[in-house]
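Take a look at the structure below.
Now the structure itself:
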C-alpha cells in the first residue's frame, strides 16, 4: 500500500540539499493542506438505487472494499442496546445464503484475503481485502452479505453468548465502565448513552434482526469505497452487476432529543457519581453535550480542546496534573462531533488519595477555559501543531477511503478536507472563549470509578451518588 507520508518525510530529511524555495514550498503544502492535490483522486458513482460507489486507483494488485451501512450503536435505546453488535456477530457466525457458516471466511481465506464485519457507533462496516484478480468474488460476497444474511436461532444464540461475554469482560475495566456510565447519564440511556445489558441482548430475536437489516441495508443508507488496481469501469461494472438488486429504501438516521439531554446534564451537574471498585488507581471522567459535526464553531472547539487536553504534554491538563504535580500518568480531553450530536470528555487516571485534588484541577482548568481568553501564543502553538499533524489523516489509501466515507455519511461538502486547515487558521481567541462558554454552559457530568472511601473525601466537591449496581 502506497505510503504518501513516507515520501514527504524522506524529502524533509534531505532538506539541507534543497533549494530554500523548494523547502518552503513543501512546508507550505503541509500546513495549508494543498498536499491533498497530490493524493489519489476519489471518483464517485451513484447507482440507480442511490447506493454510492467511491473509487481510488491503487498501484498494487489488491482490491479493498469498505461498505458502510447507516446503522450502529447510536441508533439503539435502553431496550435494544447491543443489537448492532449482536447483528454483525450473527452474520459472522451464520454467513449468507450462498456462503453459510464458516464457508464465508473459508472462501476468503482460501484466496489469501480477509473479511471483517463489525458494528461501530454510527455505521456497520464490512471490509473485504483480496488480490485484484479475485475482485469479482469480493463483490459477489459483499452483495450476498447485503442481500441475503442468515438470521436464525442457532447463530443468534451463539452471537448472544459472545456479545454477553464481551460485556462481562468490559465490566472489569474501570475506564470502560466509567465512560459507558458517563454517556448513559448525559444521553439518558439512548443513542450515545445506550449501555447493553444481559436483558437487552437476550431480548434480541431473528425477526428483530431481519427488520433492522431490511430497513437499513438499502441503497440510500449504503456507501461502498473501493481501492483497486482494477480500472474504474471494471469496478462500476461489478457494482452494477452485484449491487443493483439492493432496494433503494428510505434515508435513515438516528435522532437526539437535545432538550432532554440538556436537562439531564443540568440535573446531574454538581453531583459526583461514584462507582466503587477496589483498585489502586481511580478513573475520573467528566463530560457534557457537544455540537453535531456540521456546527460552524467546531473548529474553535477543536483548537480549544487541543489547548485544554488534546495536545499531549503541552496541553493544560497534562501540564497541570502530570508534569507539575506528578498526580497522574494518563490525562486527556476530547471533543467528538458526530452526525447528529457530539460529546466532550475529560479523562484522568490517578491514585485514589489524589482524586479530590485532581478533580478540582480538572474543573478549575475547564472554568478558566470558559472565563479567560487563551494566550495568543498558546493558540498559535495549537494551530501549528494541528496543521503539522493533519497530513497523518491521509497516510494510506485506506485512510483516504475512510475519510471520504465519513464525508458521505455526515453529508459534508466535498471540499471539507481542503478547507479544514484554513478554517482552523481562522480561529481566534474570542471564538475559543465564546464556544467554550457555549460548550460548558449546562455544566459537567462527573463519574469516578474508585475506592468506596472516596465518598467521604469527594463530598466537599459535590453530592456523591454511589452507583453500586453498575457491574
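Residue numbers (the working numbering): 6 to 476. Using N, Cα and C, we set each Cβ at its ideal position, and we do this for glycine too. Note that the structure is predicted; figures quoted are calculated from it, not measured.
- Comparing C-alpha distances from residue 139 to each of 154, 106, 66 shows the shortest one belongs to 66.
- Taking a contact to require three or more Cβ pairs closer than 8 Å, the region 221 to 231 and the region 67 to 78 qualify as touching.
- Excluding five sequence positions before and after residue 185, the CB atoms of its chain that fall closer than 6 Å to its own CB belong to 200, given in chain order.
- Contact between residue 179 and residue 339 does not hold, since the beta-carbon distance rounds to 18 Å and is not under 8 Å.
- The shortest CA-to-CA distance from residue 348 to any of 128, 423, 182, 270 is the one to 270.
- Counted as a single uninterrupted DSSP element, the beta strand (DSSP E) harbouring residue 57 occupies residues 57 to 62.
- Contact check for residue 246 against residue 144 passes: the beta carbons are separated by less than 9 Å.
- In the structure shown, the three-state DSSP call for residue 320 is coil.
- Distance between residue 173 and residue 75, taken at the CA atoms: about 27 Å.
- DSSP places residue 203 within a helical segment (H, G or I) once states are collapsed to three.
- For residue 253, the CB contacts under 7 Å within the same chain, skipping 5 residues up- and downstream, are 54, 55, 223, 224, 225 in chain order.
- Between residue 109 and residue 100 a beta carbon distance of about 4 Å is seen, short of the 8 Å cut, so the two are scored as contacting.
- Counting along the chain, residue 438 sits inside the alpha helix (DSSP H) bounded by residues 434 to 444.
- Annotation for residue 89: the continuous alpha helix (DSSP H) segment containing it runs 88 to 99.
- With fewer than 16 other Cβ atoms from the protein chains shown falling within 10 Å of its own Cβ, residue 420 counts as exposed.
- For residue 50, same chain residues with a beta-carbon under 6 Å away, outside a window of 5 residues either side, are 58, 241 in chain order.
- Using a Cβ-Cβ distance cut-off of 8 Å, the region 146 to 166 and the region 310 to 325 are not in contact, since fewer than three pairs of beta carbons, one from each stretch, lie closer than that value.
- Within a 10 Å sphere around the beta-carbon of residue 89 sit 16 or more other beta-carbons, which makes this residue buried.
- In the DSSP annotation of this structure, residue 379 is not part of any alpha helix (DSSP H), being labelled neither H nor E.
- In the structure shown, the three-state DSSP call for residue 115 is helix.
- Residue 294 carries a strand assignment under DSSP once its states are collapsed to helix, strand and coil.
- The criterion of a C-beta distance shorter than 9 Å is not satisfied by residue 280 and residue 450.
- Each residue's CA atom was taken as its position, placing residue 445 and residue 276 some 15 Å apart.
- Taking the Cα positions, residue 209 is about 19 Å away from residue 127.
- Residue 211 sits in a helix when the DSSP states are folded into three classes.
- Residue range 402 to 415 is occupied by the alpha helix (DSSP H) that includes residue 414, with no beta strand (DSSP E) assigned at that position.
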